[in-house]
Amino acid sequence: MAKAKDLTGKTFGKLEVLHRSPKRSKGGRALWVCRCECEAITEVQSHHLLSGSIISCGCARSDAGKAMQQYNKEHLIKDGVYTHLLTSKVRSDSKTGVKGVTITKNGKYQARITVKNQHIHLGLFNTLEEAAAARKAAEEKYHKPLLEDNNE
Numbered sequence: 001m002a003k004a005k006d007l008t009g010k011t012f013g014k015l016e017v018l019h020r021s022p023k024r025s026k027g028g029r030a031l032w033v034c035r036c037e038c039e040a041i042t043e044v045q046s047h048h049l050l051s052g053s054i055i056s057c058g059c060a061r062s063d064a065g066k067a068m069q070q071y072n073k074e075h076l077i078k079d080g081v082y083t084h085l086l087t088s089k090v091r092s093d094s095k096t097g098v099k100g101v102t103i104t105k106n107g108k109y110q111a112r113i114t115v116k117n118q119h120i121h122l123g124l125f126n127t128l129e130e131a132a133a134a135r136k137a138a139e140e141k142y143h144k145p146l147l148e149d150n151n152e
C-alpha cells in the first residue's frame, strides 16, 4: 500500500488541513482534521479534498443557498409566486397534454389552477377542449398579471 500524501498545512477551498486524524473513515480511508474559514473544525477524507468535492464544512453550501434565495426573491418571485413555474411546460407524464387538466375516474376532464398556494377548481368538463379553454382563461386571469409585472 502506498504511503498517504501529507496534506498538513495545505488549503482546499475554505478548508485548511491541520493534521491527520487518528480515526479512519468507514471505508478505511485516511481522515484529515481541517479548519474552515468560518472557524468550524471538520474531518474530511483526503480524496474529497484532492478532488475538490468538499471545499468547506458545509458553510459554502449554505452561503450559495442563501444567495440563490435572495436572487429568486429579487428576480423570480412576485407577490409570493415563483413566476418561472407559471411558464413551465406540461409534465411528460400528463395523460391529457394540457397543464392543469386531468382525467377523472368517470371520464370527465377536471381543470384546476394554483395561485399563491391556493388550489382553484375550475370545473368538470365533458371534453378536453372545454377543460383546456377553462384553464387558459384562468391563466389569463391569474397568471398573466404576474408575468407582465416580471416581464416574462
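For the sequence shown, full-length UniProt numbering assigns the number 1 to the initial residue and increments by one for each residue that follows.
Every residue, glycine too, gets a C-beta built ideally from N, C-alpha and C.
Nothing here was measured: the structure is a model prediction, and the numbers come from that model.
First and last residue of the uninterrupted alpha helix (DSSP H) at A111:
As a first step, residue 111 is located in the sequence shown; it is residue number 111 there, counting from the start. Annotation: A111 is outside any alpha helix (DSSP H); the continuous beta strand (DSSP E) that includes it extends over 109-115.
For R112, collect the residues of the same chain with a Cβ closer than 7 Å to its Cβ; drop the 5 residues on either side in sequence, then sort them by chain order.
The residue given as residue 112 occupies position 112 in the sequence shown. G100, H119, I120, H121, L122.
Can you name, in chain order, every residue of its own chain whose Cβ lies under 6 Å from the Cβ of M1, other than the five neighbours on each side?
Position 1 of the sequence shown, counted from the start, is the residue given in the question as residue 1. Low confidence applies to M1: its pLDDT is 49, below 50, so where it sits in the model is not reliable, and the reading given next is rough at best. Close CB contacts of M1 within its chain, under the 6 Å cut and outside five residues either way in sequence, are absent.
Any heavy atom of the ligand ATP inside 7 Å of the beta-carbon of P145?
For the ligand ATP, the structure offers nothing, since it holds no ligand at all.
State the beta-bridge partners of A30 as determined by DSSP.
Counted from its first residue, the sequence shown places residue 30 at position 30. In the DSSP output, where bridge partners are listed per residue, A30 has R24.
Could you pull the start and end residues of the alpha helix (DSSP H) that residue 162 belongs to?
The chain is shown only over 1 to 152; residue 162 falls outside these bounds and no answer can be derived.
Pair within 8 Å by beta-carbon distance, C36 and L18
On the sequence shown, residue 36 is found 36 positions in, with the first residue counted as 1. On the sequence shown, residue 18 is found 18 positions in, with the first residue counted as 1. Cβ distance not < 8 Å, so C36 and L18 don't count as in contact.
In angstroms with no decimal places, state the Cα-to-Cα distance between S21 and A30.
The residue given as residue 21 occupies position 21 in the sequence shown. The residue given as residue 30 occupies position 30 in the sequence shown. Taking the Cα positions, S21 is about 7 Å away from A30.
Could you confirm whether any beta carbon from chain C is found closer than 8 Å to the beta carbon of G9?
Of the protein chains in this structure there is only one, and it is not chain C.
When you compare only the Cα positions, how much space is there between S25 and A64?
As a first step, residue 25 is located in the sequence shown; it is residue number 25 there, counting from the start. As a first step, residue 64 is located in the sequence shown; it is residue number 64 there, counting from the start. Their backbone Cα atoms lie some 27 Å apart in a straight line.
Any idea if V81 is buried or exposed, counting beta-carbon neighbours within 10 angstroms, 16 or more meaning buried?
Within the sequence shown, residue 81 is the residue found at index 81, counting from 1. Buried: at least 16 other Cβ atoms inside 10 Å.
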